[in-house]
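Have a look at the structure below, then the notes.
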Amino acid sequence: MKKIALPALALALAPFIATPAAAWKGHVVECFDKVYVAPEYRTTKHMVKAAKTTLEYRNGKGVEQVYRMHYPAIYEEKKHLVRPGHYVMRPAPCRKGN
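Per mature numbering (1 follows the signal peptide of the UniProt record, and there is no 0), the sequence shown runs over residues -23 to -1, 1 to 75.
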């Protein structure tokens, strides 16, 4: 009886043990697109030179005049990296060929 029971048990369990994973067929559940997100920067401005208004005397080509001149402020802008560029997976409609 033992001689018959062991081969029968081995034959019954063979499909579960010997089946490779590649033979199992799956189905598409959801599709995604790989999208690049640009880096994010924060900028700050620092004043280098304040705005000013001055009177200037100019002499040229026989014309002598006094001009009121306005010079705008000069700022230095600095960029600070807040978040580096990265990829995200966005849900997308599934296309044929996948």
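From the three backbone atoms N, C-alpha and C, an ideal C-beta is built for every residue, glycine too. If you're wondering where the values come from, they're calculated on a predicted model, not measured in any experiment.
Between the CA atoms of residue j and residue i - distance to the nearest angstrom
i	j	result
residue 35	residue 56	40 Å
residue 67	residue 45	59 Å
residue 11	residue 5	17 Å
residue 20	residue 2	52 Å
residue 51	residue 33	20 Å
residue 15	residue 65	11 Å
residue 37	residue 43	12 Å
residue 54	residue 60	18 Å
residue 30	residue 62	44 Å
residue 27	residue 41	28 Å
Beta-carbon separation (whole angstroms), residue i vs residue j, contact threshold 8 Å
i	j	result
residue 8	residue 70	7 Å
residue 18	residue 58	6 Å
Paired residues, beta bridge with residue i - DSSP
i	result
residue 69	8
residue 38	None; residue 38 has no bridge partner.
residue 43	34
Opening and closing residue of the beta strand (DSSP E) in which residue i lies
i	result
residue 3	First-last for residue 3: undefined, no H or E at that position.
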